[in-house]
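The opening position of the sequence shown corresponds to residue 170 in the numbering used here, with each subsequent residue numbered one higher. Everything below concerns the one structure shown next.
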Amino acid sequence: MPVSNREGGIMNLDWGTFQTGDWLIGLVSTFVAYVIFTFLQRFLHRIPFLRIIAFQLNLLALALLTLLFLTPQLTGLHHYVLSAVQATAVFLLVVIVFRAIDIFFFDQLRRWRHQAPVPVVVRDIGRWALSLVISVFLIRYFFAGVNLDVLAVSSIVAGYILGNATKDSLGNLFSGLELNTDSPFRIGDWVTMGNHTGCVVDTTWRATRLKTKTHDYIVIPNSVIAREPIINYSCPKRDHGCIIKVGVDYGTPPNKVRQTIMQVLDDTPPVLKQLPPVVRLTDYADFSINFTIRFFIADYAELEEIMSDVMYRLWYAFKREGITIPFPIRDVRIKERAAGEEVERDKEIRQLQDLLGNLDLFSSLSTDDLKRLAEQAQIRVYGRGECLVNEGEPGGSLFLIRNGVVKLTVAQADGRQTVLATMTSGQFFGERSLLTGMQRSATVTAEADVVVVVVDKPVLAPILQANTNLVASLAAVLEQRDADRAARRQADSKMPVVPTPQLVWLQRITRFFGLD
């Protein structure tokens, strides 16, 4: 305890009393300053870099505040105490500077240049090596009396003991270094390692982490990866080949099958056009002719979605073209008798005849003419998202919607698609293309599964050639529909729109069908 005495009425305190007071003032000052710093740090955290180095920054602030307010007190202790605080402050300052350089060159700069990130394990080892070098220099500078040879021998002994105790971890470390030296994959690549497939999220000194397509994470030790074959789906390029096998009935000509498949691939946007797809006939099986389809996509990550889309489209295209996919087992279904088929066919024709007769376009046709149209009309099925017709392509057929909903769109100058209308069961489009051969004025896309009745020019031509008086009534219907369309466009644009007169339609129909 501090001792006091009185001489001449004046109190004299010994040195310990003053030393205790200095320590108390210094500690309180350091604490208050650190609290103020932590308060200011809330605003500094808005800077991403400062959030990353928050831990080192806090330690540096604490060391600097200690030196600022407690240097005289630390001087009175063992001389190594003040040196340790000074060395710590310098070490943290250097680490923060090099951390900033590390983030700039290996994160920000590579992101700007769209380069792959440097693996974590390489950066970690670089930081450890740099920290070791800095520590040696600081020990030599601030602790001149320390014998580094003794520390080196002690480190070797400790390293031998730790190496035996952590040989699995060291195996993972060296395997990680080997993987990063060979670079069989990068962050963001889709790979298969053994029985595991996923996207490489990161690689540490111990393990590599994959993210699967079900958003699960798989952590694989580097020593295990070094013994497994690795399939990289993203290297050397990210485009990926897909294989689909399909069998069709022997009654279908192979060239027709190939043409249908190629059209489906051409109409599927994600299929790469710069790498042409290939369709090969690969086998004459017991009950089918088998084809192998190969096409390329931009990224393995989209494999399942795109393959599913292609197979969806193949089914609908085969259905429209009358191509049958046989059962993979012996077909023992009992066929309906010819008489039953004839009854069903007659029923189908009567239904189509009623549908066509309800259209104002064909209201002037006789019963026999309607029956002829119904007998020769085609029934087509389209899946959701498929295009029935494309804007600008040549026409020559009319589409009557039997079931489903379609969307009509036109392309703007900037490439955007504007929706004109939607159509549903009982409505039709393409009458101008059927009667005059005009190009398609809009793109028509199936909003859901759609069944349409298609009437082509070759079906209607014999009827008009046999009864040319029908041309005038058809021209009148076109004039009326064109006037209705013009009225709607005028209401939308507030600009006058002049419909095409009946005489012009009459001339176009006559010329298109060669009735001059």
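The C-beta atom is built at its ideal place from N, Cα and C for all residues, glycine as well.
{"query": "The stretch 463–481 touching the stretch 436–449, judged by at least three CB pairs closer than 8 Å", "result": "yes"}
{"query": "Strand pairing of M592, partner residues [DSSP]", "result": "V575"}
{"query": "Backbone CA spacing between P631 and L525 [nearest angstrom]", "result": "17 Å"}
{"query": "Spatially closest choice to T373 from R355, A269, K425 and T578, by CA coordinates", "result": "R355"}
{"query": "Span of the beta strand (DSSP E), counted from its first residue to its last, around K414", "result": "H409 to V417"}
{"query": "C-alpha distance - A655 paired with R601, whole-angstrom precision", "result": "14 Å"}
{"query": "Anticipated Cβ contact below 8 Å, M362 with E397, distance rounded", "result": "5 Å"}
{"query": "Closest by C-alpha distance to V622, when choosing among F597, T189 and A644", "result": "F597"}
{"query": "Extent of the continuous alpha helix (DSSP H) to which V440 belongs", "result": "Run containing V440: none; DSSP gives neither H nor E here."}
{"query": "Neighbour-count burial assignment, A454, 16 or more Cβ in a 10 Å radius", "result": "exposed"}
{"query": "Helix, strand or coil at Y402 [DSSP, three-state]", "result": "coil"}
{"query": "Per DSSP, cross-strand counterpart(s) of S566", "result": "D625"}
{"query": "Beta carbon of G416 nearer than 9 Å to that of I494", "result": "yes"}
{"query": "C-beta atoms of L251 and L243 nearer than 9 Å", "result": "yes"}
{"query": "Residues bridged to R449 [DSSP beta-bridge criterion]", "result": "T461"}
{"query": "Same chain only: Cβ atoms within 7 Å of A645, ignoring 5 sequence neighbours per side", "result": "Q671"}
{"query": "DSSP three-state assignment for L528, whether helix, strand or coil", "result": "coil"}
{"query": "D271 to Y310 span [Cα, whole Å]", "result": "26 Å"}
{"query": "Within-9 Å CB hit, I389 to chain D", "result": "You won't find chain D in this structure, because it holds only one protein chain."}
{"query": "Cβ shell of T429 (< 6 Å), same chain only, five flanking positions each side left out", "result": "A486 and E490"}
{"query": "Alpha carbon of Q522 to alpha carbon of L603, nearest angstrom", "result": "18 Å"}
{"query": "Contact the stretch 461–476 vs the stretch 573–593: 3+ CB pairs below 8 Å", "result": "no"}
{"query": "Assumed close pair E513, R553 - CB separation to whole angstroms, cut-off 8 Å", "result": "Not really, about 28 Å apart at Cβ, beyond 8 Å."}
{"query": "L567 to W484 span [Cα, whole Å]", "result": "23 Å"}
{"query": "Between the CA atoms of L557 and I216 - distance to the nearest angstrom", "result": "53 Å"}
{"query": "Q676 versus L530 - alpha carbon distance", "result": "17 Å"}
{"query": "Simplified DSSP state of P217, which is helix, strand or coil", "result": "helix"}
{"query": "Three-state secondary structure (DSSP) of M480", "result": "helix"}
{"query": "Contacts around L528, its chain only, beta-carbon distance under 8 Å, and the 5 residues preceding and following it disregarded", "result": "L569 and F597"}
{"query": "Nonlocal neighbours in the same chain, by C-beta distance under 8 Å from G561, ignoring five residues either side", "result": "Q608 and R609"}
{"query": "Residue range of the beta strand (DSSP E) that includes T366", "result": "H365 to T372"}
{"query": "Straight-line gap, S535 to I475 (C-alpha atoms, nearest Å)", "result": "48 Å"}
{"query": "For I205, the nearest candidate out of N227, Q520, Q255 and P423 (CA to CA)", "result": "N227"}
{"query": "Cβ separation of P390 and R375, assumed to be a contact under 8 Å, to the nearest whole Å", "result": "7 Å"}
{"query": "N- and C-terminal bounds of the beta strand (DSSP E) containing V360", "result": "W359 to M362"}
{"query": "V667 - containing alpha helix (DSSP H), residue span", "result": "Careful: V667 lies outside any alpha helix (DSSP H) and carries neither H nor E."}
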